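Some notes on the structure that comes next.
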Amino acid sequence: MGNWYTHTYFNKKVPEKVRRSIRDELHERGVVFFDEDPGLLRHKLRYLPMILRTAMYAWANVRSLETMIRRVKKIGVEDPSRNHEFYFFGFDPFKLGEEKARELCTKWIREDEEYFDKLIAKLPVKLKLVTAWGEGGVRRQLAWPTCTLKVEEVTEEIDFLSSKPFLAMDNDYDKWIVEYGGYWEGKEKGPEKINSRAKLCGKNFKTIVDVYKKHGVEFWFTFVWV
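For the working numbering, count along the sequence shown from 1 and bump the result up by 10.
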């Protein structure tokens with residue numbers, strides 16, 4: 011399992027002092043995601059896990075944003091397992107079964123295509139194709155503009171993670187998630203641990219929003235495995 015750190019990108023007009031301040035604040039406040047976060051959140055949410063998956067997964071040797079978008083929206087053609095990977099960590103394949111887990115991942119990714127199109131249609135700023143340095147060297151990645159996190163549907167998901175338990179444990183689906191969801195590196199898991207992790211994901215996104223509001227500067231963010 012890997013740690014995914016937030017990397018930021020700016021328009022040329024943004025002063026270096028402001029860029030450094032934003033990057034330092036995100037680093038100091040520990041905005042870090044894990045491999046299993048997209049799959050965990052996708053059990054209940056639509057937009058935040060899709061943002062995570064596309065930023066984490068969307069790296070390739072491509073020359074245009076349009077090519078990258080086409081690549082990330084579809085289930086992988088060159089390597090089908092790659093597009094499943096970050097949702098696959100949302101399951102315990104030893105209990106659920108690998109085939110069933112991949113079927114559900116495929117279903118989610120197909121649904122993501124619709125959510126992706128709806129979301130980017132609402133953005134006043136385009137996504138960006140960026141060059142990032144992480145584990146394995148330099149690569150091209152997809153980055154999202156911070157205004158994405160102010161879209162109503164996305165804001166509602168951040169508020170849900172920040173203010174409510176991810177699992178209420180008063181229904182069969184929540185119990186199913188505890189039984190079959192989350193690989194968690196083979197460690198013991200339960201509703202308390204899952205709720206704690208989901209809340210931290212909400213806190214991370216809220217931190218990005220808070221830094222964005224504080225500085226009043228639009229920037230792009232992606233997540234790099236280091």
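Positions of the beta carbon are idealized from the N, C-alpha and C atoms, including for glycine.
Source: prediction; values computed, not measured.
Considering Cα atoms alone, identify which of the options is closest to residue i.
{"i": "Asn-71", "options": "Leu-152, Thr-217 and Gly-49", "result": "Leu-152"}
{"i": "Thr-141", "options": "Asn-13, Phe-20 and Gly-12", "result": "Phe-20"}
{"i": "Thr-77", "options": "Glu-35, Gly-191, Leu-114 and Lys-138", "result": "Lys-138"}
{"i": "Leu-210", "options": "Ile-168, Tyr-183 and Tyr-190", "result": "Ile-168"}
{"i": "Arg-56", "options": "Phe-101, Asp-127 and Arg-207", "result": "Asp-127"}
{"i": "Glu-124", "options": "Val-82, Glu-35 and Ala-111", "result": "Val-82"}
{"i": "Pro-155", "options": "Trp-230, Arg-33, Leu-129 and Phe-44", "result": "Trp-230"}
{"i": "Lys-132", "options": "Lys-110, Cys-157 and Asp-122", "result": "Cys-157"}
{"i": "Leu-62", "options": "Tyr-15, Leu-75 and Lys-27", "result": "Tyr-15"}
{"i": "Leu-58", "options": "Val-164, Val-135, Tyr-67 and Leu-129", "result": "Val-164"}
{"i": "Pro-201", "options": "Lys-185, Gly-100 and Ser-173", "result": "Lys-185"}
{"i": "Ser-173", "options": "Gly-212, Leu-129, Lys-27 and Leu-50", "result": "Gly-212"}
Please classify residue i: does DSSP put it in a helix, a strand, or coil?
{"i": "Leu-137", "result": "coil"}
{"i": "Gly-191", "result": "strand"}
{"i": "Ala-65", "result": "helix"}
{"i": "Val-72", "result": "coil"}
{"i": "Asn-205", "result": "helix"}
{"i": "Ala-111", "result": "helix"}
{"i": "Ala-178", "result": "coil"}
{"i": "Asn-214", "result": "helix"}
{"i": "Asp-89", "result": "Residue confidence is low: Asp-89 scores 49 on pLDDT, short of 50, so the model does not pin down where it sits. Its coordinate-derived value is still stated next. If DSSP states are grouped into helix, strand and coil, Asp-89 belongs with coil."}
{"i": "Val-221", "result": "helix"}
**Q.** Stretch pair the region 29-46 + the region 111-121: three plus CB contacts closer than 8 angstroms
**A.** no
Q) Does the region 102-109 come close enough to the region 170-183 to have 3 or more Cβ pairs within less than 8 angstroms? A) no
Q.
Extract the residue ranges of the beta strand (DSSP E) inside the region 26-57, only unbroken runs of 3 or more that lie entirely within it.
A. 42-44
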